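S.K.: Each residue of the sequence shown is one higher than the last, beginning at 1 in this note's numbering.
A virtual CB, placed ideally from N, CA and C, is assigned to each residue, including glycine.
All figures in this text were calculated on a predicted structure; none of them were measured in a lab.
So that we are looking at the same thing, I have put the structure below in structure tokens.
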Amino acid sequence: MSEMLEMIRTLGDQLRWARDLVVPDLAPSAEVLVGGMGGSGISGDFGAALAVGSEGRVAVQKGYAPLPGWAARVKPAVVAASYSGNTEETLDVVAAASEADLPIVTITTGGRLGELTVENGWPTLPVPGGLQPRAAIGYLAGAVARVLHSFGVLSDQRPALGEAADLVDGAVSEESVTWAMASDLAKGLVGRLTIVYGGGPISGTAAQRWKTQINENAKMPAWWSLLPELDHNEIVGWETLPEITKDLIGIVALTDPADHPRVRSRLEHTSALTEFAVPWLAQVPAHGETELARLMSLTVCGDLVSWMLAVEAGVDPVPVETIEELKKLLVKD
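Here it is, written out as structure tokens:
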């Protein structure tokens, strides 16, 4: 049980590693496509969230080739993020990008992607190994942020990485406000399916991270949705089965100061209109001055909740045996 907690507690040092990383000089590119899956691929979502409002565009491809249709015209730089280096979908994207003669940068610990990097002389950011990919988010998202700055899509993220590192160091202390909130949330979510709501680039990306961490660490179903879109569909989905949903589901809302003011209004009204059918357990606010710090503040809280849910359920949060079994089955196909 404690092994995953120790991994979570390395997040601050991971972010400092990314801050101090020597990044290759890259040709400017206003269009970047990040390919990756799972705990590696969400680093692209982090980068895309940070790039909202910038002059560039960051798109994320989670899946196999082909590349998006616009890639042939725009010629984006491609960032391949695979912690193991053996993610078959990411390798497929890399092969398509190479065939299209697109510039490629890799972020990996090695594996086949590392071999291809050496063979082709691609710029790379080799990240430290030894963790579960989902527990290496500081390495992966930090490296993506630094690469996006090198491409000219983001401003220099080193100060933000330092702020985020200090913030998460405080959050993982058992005396912190974040720890107390995570503990209360985990106790409230015991025996329930978790739905996480976000309402903007930062809170929405964090909501996705909460969902996948609860899946992998606690081995429990969880879902995430975004305001204002959910107010045009999901809000009425609570009407028919309140006698079931009230006892079996809990909603956690993540908020960020940059969320649109109307989204904040919608959150309050949505809660009031649906609380008859589902408990809203908490609103978790982001903390920090920079976008990256605020994103990481929500991330570390969710990581702690997922670990605490695993402890409550008596399951080991580290192994993901069903995922590994699926990979073995796919090799046989």
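Are the beta-carbon atoms of Ser-40 and Ala-171 separated by less than 8 Å?
M.R.: Not a contact, by the Cβ cut-off of 8 Å.
S.K.: Let me know the secondary structure DSSP gives Ser-82 once reduced to three states.
M.R.: Residue state, collapsed to three classes: strand.
S.K.: Helix or strand or just coil, what does DSSP make of Tyr-64?
M.R.: The answer is coil: DSSP assigns Tyr-64 none of H, G, I, E or B.
S.K.: May I ask you to report which of helix, strand or coil DSSP gives Gln-283?
M.R.: Reduced to three states, the DSSP call for Gln-283 is strand.
S.K.: My guess is that Val-94 and Val-34 are in contact by the Cβ rule of under 8 Å, so how many angstroms apart are they, rounded?
M.R.: Actually they are not in contact, since the Cβ atoms of Val-94 and Val-34 sit about 12 Å apart, beyond 8 Å.
S.K.: Who are the near neighbours of Arg-294 in its chain, counting only those whose CB is closer than 6 Å to its CB and skipping five residues on each side?
M.R.: Hits under 6 Å: Ile-202, Asp-256, Ala-286, Gly-288.
S.K.: Three or more C-beta pairs under 8 Å: does that hold for the segment 17 to 37 against the segment 138 to 153?
M.R.: With a cut-off of 8 Å, the segment 138 to 153 and the segment 17 to 37 count as touching, because enough Cβ pairs lie within range.
S.K.: Leaving out five residues before and five after Thr-290 in sequence, what residues of the same chain have Cβ atoms less than 6 Å from its Cβ?
M.R.: Excluding residues within five positions, the ones whose Cβ falls inside 6 Å are Ala-160, Glu-163.
S.K.: Quick one: is the Cβ of Gly-288 within less than 7 Å of any heavy atom of the ligand NAD?
M.R.: For the ligand NAD, the structure offers nothing, since it holds no ligand at all.
S.K.: Apart from the five residues just before and just after Tyr-139, which ones in its own chain have a Cβ nearer than 6 Å to its Cβ?
M.R.: Excluding positions up to five away in sequence, the list reads Gln-14, Val-127.
S.K.: Is DSSP giving Leu-140 helix, strand or coil here?
M.R.: Helix at Leu-140.
S.K.: Please confirm whether Asp-252 and Leu-154 have their CB atoms less than 8 Å apart.
M.R.: Per the sequence shown, the amino acid found at residue 252 is Val instead of Asp. The answer is no: Cβ separation not under 8 Å.
S.K.: What does DSSP give as the partner residues of Trp-223 in its beta bridges?
M.R.: Answer is Ile-195, bridged to Trp-223.
S.K.: Starting from the N-terminal side, write out each stretch of the beta strand (DSSP E) that is 3 residues or longer and does not extend beyond the segment 205 to 249.
M.R.: Qualifying beta strand (DSSP E) stretches, in chain order: 222 to 226.
S.K.: Give a yes or no on whether 8 Å exceeds the smallest Cβ distance from Met-181 to chain B.
M.R.: No chain B appears in this structure, which consists of one protein chain only.
S.K.: Mind checking which residues open and close the alpha helix (DSSP H) that includes Val-331?
M.R.: Where Val-331 is concerned, the enclosing alpha helix (DSSP H) stretches over 321 to 332.
S.K.: Have a look at Ala-141, Gly-129, Ala-135, Asp-101 and flag the residue whose alpha-carbon is nearest the alpha-carbon of Trp-122.
M.R.: Comparing Cα positions, the closest option is Asp-101.
S.K.: With 16 other CB atoms within 10 Å as the buried threshold, where does Val-190 fall?
M.R.: Looking at its Cβ environment, which holds fewer than 16 other Cβ atoms inside 10 Å, Val-190 is exposed.
S.K.: So Val-144 and Gly-12 are in contact, right, with Cβ under 8 Å, and what is the actual spacing, rounded?
M.R.: Their Cβ separation, rounded to whole angstroms, is 18 Å, which puts Val-144 and Gly-12 out of contact at 8 Å.
S.K.: Bridge partners of Pro-126, per DSSP?
M.R.: In the DSSP output, where bridge partners are listed per residue, Pro-126 has Thr-108.
S.K.: With a threshold of 6 Å on Cβ separation, who are the neighbours of Thr-87 within its own chain once the five nearest residues in sequence on each side are excluded?
M.R.: Correct list, in chain order: Met-37.
S.K.: Inspect the beta-carbon positions of Val-305 and Leu-254 and report whether they are closer than 8 Å.
M.R.: No. Outside cutoff.
S.K.: If Ser-43 and Ala-81 are in contact, beta carbons under 8 Å, what's the gap, nearest whole angstrom?
M.R.: Indeed they touch by this definition, with Cβ atoms about 5 Å apart.
S.K.: What do you reckon, are the CB atoms on Tyr-83 and Thr-106 nearer than 8 Å?
M.R.: For Tyr-83 and Thr-106, no; Cβs fall outside 8 Å.
S.K.: When DSSP builds the beta bridges, which residues end up paired with Arg-57?
M.R.: In the DSSP output, where bridge partners are listed per residue, Arg-57 has Glu-31.
S.K.: Taking Ala-51 as part of the alpha helix (DSSP H), name the residues at either end of that continuous run.
M.R.: First-last of the alpha helix (DSSP H) with Ala-51: 38 to 51.
S.K.: According to DSSP, which residues form a beta bridge with Ile-202?
M.R.: BP columns for Ile-202 are empty, so no partner.
S.K.: What's the call for Lys-211, buried or exposed, on a 16-neighbour Cβ count within 10 Å?
M.R.: With 16 or more Cβ atoms within 10 Å of its Cβ, Lys-211 is classed as buried.
S.K.: Does Leu-254 come out as helix, strand or coil in the three-state DSSP assignment?
M.R.: DSSP places Leu-254 in strand when its eight states are reduced to three.
S.K.: Take every Cβ of the segment 235 to 243, pair it with every Cβ of the segment 273 to 286, and state whether three or more of those distances are shorter than 8 Å.
M.R.: These segments touch.
S.K.: Name the two residues that bound the continuous alpha helix (DSSP H) containing Trp-179.
M.R.: Taken as a continuous stretch (DSSP letters only), the alpha helix (DSSP H) holding Trp-179 covers 177 to 189.
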